[in-house]
Amino acid sequence: MFTNGFGWPHVVIILAVVILLFGWKRLPDAARGLGKSMRIFKTEMRSMRDEDEAANSSRPTDAVAEQLPPAQSPVQSAQVQQPQGQSAQSQVHSSDAQR
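Going letter by letter, the sequence shown gives residues 95 to 193 in this note's numbering.
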């Protein structure tokens, strides 16, 4: 029935362990609770899938994205201005000579 060495004897052993753990009287309640939990899980998964599909359908297509102008960068790199008359190299040499 099952692959990878899992067969009917294993299913019987698992059922016996479940009956021993929960007891014969609590099994219907446990099965009912499990069924409700699975139903809630399926409903939530379906609603999440529907939300994803709605979000994907509301996104602009590639054709609309191509029509938009490219964004301009508001920050431009600042340039450091050197003092007039001296270069940065000569300032370094003069400070070394003063030491």
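Virtual Cβ for every residue (Gly too), placed ideally from N, Cα, C. Keep in mind it's a predicted model, so treat the numbers as computed, not measured.
Can you tell me whether DSSP reads Asn98 as helix, strand or coil? As a working note, residue 98 is residue 4 in the sequence shown. In the three-state DSSP reduction, Asn98 falls in the coil class, being neither helix nor strand.
Cα-Cα separation between Ile113 and Phe135, rounded to whole angstroms: On the sequence shown, residue 113 is found 19 positions in, with the first residue counted as 1. On the sequence shown, residue 135 is found 41 positions in, with the first residue counted as 1. For Ile113 and Phe135, the distance between alpha carbons rounds to 25 Å.
Return the CA-CA distance between Thr137 and Arg126, expressed in angstroms with no decimal places. Taking the sequence shown and counting its residues from 1, one reaches residue 137 at position 43. Taking the sequence shown and counting its residues from 1, one reaches residue 126 at position 32. So the alpha carbons of these two residues sit roughly 17 Å apart.
DSSP three-state call for Arg133: helix, strand or coil? Reading the sequence shown from its first residue, position 39 is the one you call residue 133. Looking at Arg133 - three-state DSSP - the assignment turns out to be helix.
For Gly117, three-class secondary structure by DSSP: Taking the first residue of the sequence shown as 1, we reach residue 117 at position 23. Coil at Gly117, not helix or strand.
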